[in-house]
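Some notes on the structure that comes next.
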Amino acid sequence: MANVYLGMGSNLGDREENLESAIDALNSFDEIEVTKRSSVLETAPYGKTDQPEFLNMCVEIDTRMSPLTLLETVLGIEHSLGRIREEVWGPRIIDIDILLYEDLEIELDDLSIPHKEMQKRSFVLEPLAEIAPHVKHPKLGKTVVELKEDLERGD
Ligand SMILES: Nc1nc2nc(S)n(CCO)c2c(=O)[nH]1
C-alpha cells in the first residue's frame, strides 16, 4: 500500500457537497482508503482571481493503485461529478490534485509528482500541514510545515 496526499478544491455549485462526494467516490474503490482528512478552508482564488472563492482541503489515502492508475481514477471522479475542463484556470465543480505519492518523483507529460506548484500554494500547504506536517517533499527536502513557513515568510 502507498501513502498518498491529494489536494481538493471546489468553487462551483454546492462546494462542501462536492468535496464530500469526491471523498465518497475515492472510498468507493477497493484499492483506495481515505485515512485522514483536513478541515475545509475557504480560500481566495489563486491565479485567475475573477472567479468565486474556493473551498479547499487535503486528504491522505492508502492505495494499491499505481500513480498513473490513480491519476486516471481521480480524473474519472472529477468527470463523474460534472467537471468540464473549459478554461484552464477557470471555476470548477471539483479539482483533485495528486500532491505526494510516498517519496516518488515522477515527471511525465500529464503527471508530475510531487505537484509542481504545491510549495507556492497556501490553499494546499495550510490543509496539508494539518494532516502531514512532518512529511518531507522528496525534491525540495523540506517538510510540509517548513514549506508553509517559507511561503508565509515570502522566501
Ligand atoms: N484558492 C484556490 N485557487 C485556485 N486556483 C486554481 S486554478 N485552483 C484549482 C487548483 O489547481 C484553485 C484552488 O483550488 N484554490
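Under this note's numbering, the first residue of the sequence shown carries the number 2, and numbering increases by one thereafter. Where is the CB? At the ideal position from N, CA and C, for every residue including glycine.
Please give me, in chain order, every unbroken run of the alpha helix (DSSP H) with length at least 4 that falls completely inside the stretch 66-119.
If we require 4 residues or more, the alpha helix (DSSP H) runs fully inside the stretch 66-119 come out as 68-81.
Output the boundary residues of the beta strand (DSSP E) element that contains K37.
I33 to R38
DSSP three-state call for L27: helix, strand or coil?
In this structure, DSSP gives L27 a helical state, which the three-state scheme calls helix.
For I33, which option in N4, E17 and V89 has the closest C-alpha, if you only look at C-alpha atoms?
The residue among N4, E17 and V89 with its C-alpha nearest the C-alpha of I33 is N4.
Report the rounded CA-to-CA distance for K121 versus F30, giving the unit in angstroms.
Near 31 Å, if we compare the C-alpha coordinates of F30 and K121.
beta-carbon Y47 near ligand 1 non-hydrogen atom, thresh 7 Å
Indeed, a heavy atom of ligand 1 lies less than 7 Å from the Cβ.
Leaving aside the five residues before and after P92 along the sequence, list all residues of the same chain whose C-beta is less than 8 Å from its C-beta, in chain order.
N12, L13, Q52 and P53
Under a Cβ-count criterion, where at least 16 other Cβ atoms within 10 Å of its own Cβ denotes burial, should S39 be classed as buried or exposed?
buried
So is the beta-carbon of D98 under 7 Å away from any non-hydrogen atom of ligand 1?
yes
Where the alpha helix (DSSP H) through A130 begins and ends
That run of the alpha helix (DSSP H) goes S123 to I132.
Determine the direct distance from the alpha carbon of F55 to that of E43, and round the result to whole angstroms.
6 Å
Just mark K49 as buried or exposed, buried being the case when its beta carbon has 16 or more other beta carbons within 10 Å.
exposed
Please classify V60: does DSSP put it in a helix, a strand, or coil?
strand
Bounding residues of the beta strand (DSSP E) (the contiguous stretch that carries L7):
A3 to S11
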